[in-house]
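Asks: A single structure is presented below for examination.
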């Protein structure tokens with residue numbers, strides 16, 4: 014999943030016809046002051062980090078003039094919010110708020126359909142809003158959003174009838190973004206009704222599908238490499254294939270008294286070069302031992318063994334290899350030829366890795 | 004759902020994975036009657052005739068079910084072609100299919116009354132019938148009375164192997180798929196095996212993320228499910244908020260945690276194994 018920054022999300026909404034606050038992105042405090050001067054009134058200075066509940070974490074500051082905006086930006090830029098370094102701030106006109114609503118469209122895994130959520134109680138964490146105050150409506154993924162469905166949800170949420178058509182328009186525009194960019198989530202919270210009667214997306218969240226980005230939206234595809242590495246605090250490096258088996262391996266190491274150093278899922282059909290690179294990557298974490306747990310299916314044990322052999326000369330950390338499944342015999346033969354012990358029972362391999370880390 | 008006579012089509016049969024696993028499926032005993040790769044009609048793969056379209060494969064070879072190895076950018080089209088030809092079930096091995104595409108073809112299949120298994124699944128295997136539509140290493144499976152469903156391929160192999168070593172065979176094993184949106188859920192699976200005469204006990208293999216396990220637990224409790232169920236959940240020691248490999252495995256704000264899933268299962272009377280090799284021990288109590 015790719016979480017866009019607020020200003021990127023707002024750009025997509027604006028293109029689709031949703032009104033967003035006047036403002037611009039700044040990378041320096043001088044830029045922030047300049048933008049505030051151009052806007053000519055009180056502004057909000059908002060840290061651009063891909064995390065939720067940023068306001069609570071001090072990521073949103075208000076300023077009455079350009080000098081205050083400069084100070085706010087200086088405070089935010091370079092700081093860390095929920096583990097993310099702030100590299101840009103969004104400087105926007107401060108809205109004159111009459112009401113704050115909530116609107117989102119997201120994937121409902123259980124129903125296997127998009128779901129539209131509307132609430133009159135916006136501006137807060139949606140999980141804090143009681144269930145009965147959120148109108149829900151599942152959408153047909155083939156027919157798409159039909160405007161009457163939006164209207165029914167808006168009325169059920171208790172939003173005043175005089176704004177029915179305006180909010181309907183916001184929702185149909187949001188659905189355009191949801192479908193057009195293959196989003197997992199599009200959210201406007203709050204959707205602000207200003208005292209002047211305008212409807213403005215004060216904050217915006219768009220989470221994209223990385224598989225779709227790779228195929229259809231290359232402008233959003235992230236350079237993630239071939240495998241996601243999650244670092245943990247321990248000293249036993251863990252490489253496995255498949256997210257479930259990798260998690261199970263992490264669980265077992267911990268249960269049997271070891272401390273996992275990482276989570277690395279090499280995925281399906283791992284090629285020799287990928288296995289080699291995975292081993293080198295984990296070795297660089299400074300681990301005491303690497304536990305490689307591969308159960309071949311679409312992945313072939315002979316290819317995995319080949320990758321292990323290719324990595325041997327470049328790592329001085331002991332490897333504990335558990336290798337079973339498709340082409341197992343050939344894989345074992347290759348490893349034995351190179352003097353590598355290979356386990357077939359997972360329990361034995363985990364115990365051995367924990368033992369080696371303890372030495 | 005599948006038996007030894009089911010006539011199977013492999014879409015994407017000339018690709019690296021399609022070709023290799025066609026060979027393994029044939030070795031296991033699956034009756035693969037045709038393959039499809041657009042533009043490669045007239046060729047043969049391991050003795051199986053290849054056609055340009057699914058329609059031709061159905062007309063010429065009388066294919067009934069499909070297993071799909073087509074790469075992600077073209078996989079949704081392949082699934083829709085199989086739906087149009089009324090193939091059932093359609094097993095989608097392909098990973099990295101955009102979720103919006105999956106939602107559309109799952110909805111289309113639902114309207115036609117066709118079962119989609121996957122995407123991103125190791126497939127389905129029915130050991131008593133020697134039929135496999137998928138990529139699982141079939142040597143670890145033996146015929147028996149336990150039905151297994153899982154969100155994770157390799158973890159399934161791990162647990163099935165432990166069962167097999169303990170002499171507990173399988174009546175059916177289905178990979179539901181690791182994606183956010185999949186065609187067949189734990190509940191669909193439970194509904195099916197409830198009626199399956201060969202199945203005496205059920206194993207559900209889950210992981211953190213989503214609420215599919217919690218919903219399955221509610222279903223088991225509400226329907227007073229008539230067969231014993233054993234579960235295993237991966238990710239008990241996953242750090243909160245960290246991404247664990249795919250979109251289906253994110254801990255989000257306290258929901259979808261291993262803890263909440265284990266609790267839901269225990270509340271529904273399901274035995275939960277802490278380690279993969281404990282699954283056969285727990286099954287022993289019922290078989």
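Residue numbers (the working numbering), protein chains in the order written: chain A, 14 to 372; chain B, 4 to 290.
Beta carbons: idealized from backbone N, C-alpha and C, even for Gly.
1) Taking 8 Å as the CB-CB cut-off, is residue 155 (chain B) touching chain A?
2) Any chance the segment 209-219 of chain A sits against the segment 175-188 of chain A, with 3 or more Cβ pairs inside 8 Å?
3) With distances taken between CB atoms, is the gap from residue 149 (chain B) to residue 32 (chain B) smaller than 8 Å?
4) As an exercise, report each continuous alpha helix (DSSP H) stretch of at least 4 residues that is fully enclosed by the segment 126-202 of chain A, in chain order.
5) Give a yes or no on whether the minimum CB-CB distance between residue 160 (chain B) and chain A is below 8 Å.
6) When every heavy atom of the ligand NAP is checked, does at least one fall within less than 7 Å of the C-beta of residue 99 (chain B)?
7) If you scan the segment 203-227 of chain A from start to end, which runs of the beta strand (DSSP E) of 3 or more residues do you find wholly inside it?
8) At the 8 Å Cβ level, is residue 291 (chain B) part of the contact set with chain A, yes or no?
9) Just to confirm before moving on: does the CB-CB distance between residue 187 (chain A) and residue 116 (chain A) stay below 8 Å?
10) Skipping 5 residues on each side, what residues in its chain have a beta carbon closer than 6 Å to that of residue 280 (chain B)?
11) Check the Cβ-Cβ distances between residue 303 (chain A) and every residue of chain B, and say whether any is below 8 Å.
12) Any C-beta of chain B within less than 7 Å: which residues of the segment 236-263 of chain A qualify?
13) Please name the residue or residues paired with residue 177 (chain B) in a DSSP beta bridge.
14) Could you tell me the alpha carbon to alpha carbon distance between residue 35 (chain B) and residue 307 (chain A), rounded to whole angstroms?
15) Please list the terminal residues of the continuous beta strand (DSSP E) segment that includes residue 276 (chain A).
16) Kindly indicate if chain B contains any beta-carbon less than 8 Å away from that of residue 355 (chain A).
17) The beta strand (DSSP E) spanning residue 54 (chain B) covers which residue range?
18) Note the first and the last residue of the continuous beta strand (DSSP E) segment covering residue 222 (chain B).
19) In chain A, which residues lie with their C-beta within 8 Å of the C-beta of residue 118 (chain B)?
20) Are the C-beta atoms of residue 277 (chain B) and some chain A residue less than 8 Å apart?
21) At what residues does the beta strand (DSSP E) containing residue 115 (chain A) begin and finish?
22) What's the C-alpha gap between residue 245 (chain B) and residue 243 (chain A)?
23) For residue 17 (chain A), report the span of its beta strand (DSSP E) as first-last.
24) Does the Cβ of residue 159 (chain A) have 16 or more other Cβ atoms within 10 Å, making it buried, or fewer, making it exposed?
25) Going along chain A in order, which residues have a C-beta closer than 7 Å to the C-beta of residue 239 (chain B)?
26) How is the beta strand (DSSP E) around residue 57 (chain B) delimited, first residue to last?
27) May I ask you to report which of helix, strand or coil DSSP gives residue 69 (chain B)?
28) In terms of alpha-carbon separation, which member of A:294, A:310, A:304 lies closest to residue 280 (chain A)?
29) Between which residues of its own chain and residue 46 (chain B) is the CB-CB distance below 6 Å, once the five residues before and five after are set aside?
30) Identify whether residue 356 (chain A) lies in helix, strand or coil by the three-state DSSP scheme.
31) What residue from A:94, A:145, A:76 has the CA that sits closest to residue 65 (chain A)'s CA?
32) Quick one: does residue 106 (chain B) have its CB under 8 Å from some CB of chain C?
33) Determine whether the Cβ of residue 248 (chain B) lies closer than 8 Å to any Cβ atom of chain A.
34) If we cut at 8 Å on Cβ distances, does residue 172 (chain A) have a partner in chain B?
35) Beta-carbon of residue 21 (chain A) versus every beta-carbon of chain B: anything under 8 Å?
36) Mapping the DSSP letters down to three states, classify residue 137 (chain B) as helix, strand or coil.
Replies: In short, the structure shows the following:
1) Position 152 of the second chain, counted from the first residue, corresponds to residue 155 (chain B). Judged by the 8 Å Cβ criterion, residue 155 (chain B) is in contact with chain A.
2) Because the criterion of three Cβ pairs below 8 Å is met, the segment 209-219 of chain A and the segment 175-188 of chain A touch.
3) Residue mapping note: residue 149 (chain B) aligns to position 146 of the second chain, counting from 1. Residue mapping note: residue 32 (chain B) aligns to position 29 of the second chain, counting from 1. Result no, Cβ atoms of residue 149 (chain B) and residue 32 (chain B) do not sit closer than 8 Å.
4) Runs of alpha helix (DSSP H) with 4 or more residues, each lying fully within the segment 126-202 of chain A, are found at 160-169, 177-193, listed in chain order.
5) Within the second chain, the letter at position 157 stands for residue 160 (chain B). For residue 160 (chain B), the answer is yes, since a Cβ of chain A falls inside 8 Å of its Cβ.
6) This structure lacks the ligand NAP; in fact it carries no ligand of any kind.
7) The DSSP assignment places 212-214, 217-221 as complete runs of the beta strand (DSSP E) inside the segment 203-227 of chain A, in order along the chain (cut-off: 3 residues).
8) Because chain B in this structure spans residues 4 to 290, residue 291 (chain B) falls outside the shown range and cannot be described.
9) The residue you call residue 187 (chain A) lines up with position 174 of the first chain. The residue you call residue 116 (chain A) lines up with position 103 of the first chain. Yes. Within cutoff.
10) The residue you call residue 280 (chain B) lines up with position 277 of the second chain. Cβ-Cβ distances below 6 Å link residue 280 (chain B) to 165 in the same chain, with the five nearest sequence neighbours on each side left out; the list follows chain order.
11) Here residue 303 (chain A) refers to the residue found at position 290 of the first chain. So no, residue 303 (chain A) is outside the interface.
12) Residues passing the 7 Å Cβ filter: 241, 243, 245, 254, 255, 256, 257, 258, 259, 260, 261, 263.
13) As a working note, residue 177 (chain B) is residue 174 in the second chain. Beta-bridge analysis with DSSP links residue 177 (chain B) to B:127, B:152.
14) Within the second chain, residue 35 (chain B) is the residue found at index 32, counting from 1. Within the first chain, residue 307 (chain A) is the residue found at index 294, counting from 1. Those two C-alpha atoms are separated by around 28 Å.
15) For the purposes of this step, residue 276 (chain A) is taken as the residue at position 263 of the first chain. Where residue 276 (chain A) is concerned, the enclosing beta strand (DSSP E) stretches over 275-278.
16) The residue given as residue 355 (chain A) occupies position 342 in the first chain. Chain B, which has no Cβ nearer than 8 Å to the Cβ of residue 355 (chain A), makes this no.
17) By one-based count along the second chain, residue 54 (chain B) stands at place 51. Residue 54 (chain B): member of the beta strand (DSSP E) spanning 51-54, first to last residue.
18) In the second chain, counting from the first residue as 1, residue 222 (chain B) sits at position 219. Segment 215-226 is the alpha helix (DSSP H) holding residue 222 (chain B); no beta strand (DSSP E) there.
19) Taking the second chain and counting its residues from 1, one reaches residue 118 (chain B) at position 115. Listed along the chain, the chain A residues whose CB falls inside 8 Å of the CB of residue 118 (chain B) amount to none; the nearest CB is some 13 Å away.
20) Residue mapping note: residue 277 (chain B) aligns to position 274 of the second chain, counting from 1. Yes, because at least one Cβ of chain A sits closer than 8 Å to the Cβ of residue 277 (chain B).
21) Taking the first residue of the first chain as position 1, residue 115 (chain A) is located at position 102. Residue 115 (chain A) -> beta strand (DSSP E) spans 110-121.
22) Within the second chain, numbered from 1, the residue matching residue 245 (chain B) stands at position 242. Within the first chain, numbered from 1, the residue matching residue 243 (chain A) stands at position 230. Because the pLDDT at residue 245 (chain B) is just 49, under 50, the model does not fix this residue reliably, and the point stays unresolved.
23) Locating residue 17 (chain A) in the first chain gives position 4, counting from the first residue. Where residue 17 (chain A) is concerned, there is no enclosing beta strand (DSSP E), given that its DSSP letter is neither H nor E.
24) What you label residue 159 (chain A) is simply residue 146 of the first chain in a count that begins at 1. By the neighbour-count rule (16 or more Cβ atoms within 10 Å), residue 159 (chain A) is not buried but exposed.
25) The residue labelled residue 239 (chain B) in the question sits at position 236 within the second chain. Going along chain A in sequence order, the residues near residue 239 (chain B) (Cβ under 7 Å) are 264.
26) Here residue 57 (chain B) refers to the residue found at position 54 when the second chain is read from its first residue. Careful: residue 57 (chain B) lies outside any beta strand (DSSP E), inside the alpha helix (DSSP H) at 57-64.
27) As a first step, residue 69 (chain B) is located in the second chain; it is residue number 66 there, counting from the start. Shown here, residue 69 (chain B) sits in a strand according to DSSP, grouped into three states.
28) As a working mapping, residue 280 (chain A) is identified with position 267 in the first chain. Looking at the Cα atoms, A:310 is the closest of the given residues.
29) Within the second chain, numbered from 1, the residue matching residue 46 (chain B) stands at position 43. Cβ-Cβ distances below 6 Å link residue 46 (chain B) to 53 in the same chain, with the five nearest sequence neighbours on each side left out; the list follows chain order.
30) Within the first chain, the letter at position 343 stands for residue 356 (chain A). DSSP places residue 356 (chain A) in the strand class (E or B) of the three-state scheme.
31) What you label residue 65 (chain A) is simply residue 52 of the first chain in a count that begins at 1. Selected option, being the one with the closest Cα: A:94.
32) No chain C is part of this structure, whose protein chains are labelled A and B.
33) Within the second chain, the letter at position 245 stands for residue 248 (chain B). Confidence is the limiting factor: at residue 248 (chain B) the pLDDT is only 37, short of 50, which leaves the residue's position unreliable and the question unanswerable from this model.
34) Stepping through the first chain from its first residue, residue 172 (chain A) is reached at position 159. Contact of residue 172 (chain A) with chain B is not assigned, every C-beta pair being separated by 8 Å or more.
35) Start at 1 with the first residue of the first chain, and residue 21 (chain A) comes out as number 8. So, not an interface residue.
36) Taking the first residue of the second chain as position 1, residue 137 (chain B) is located at position 134. Three-state DSSP puts residue 137 (chain B) in a strand.
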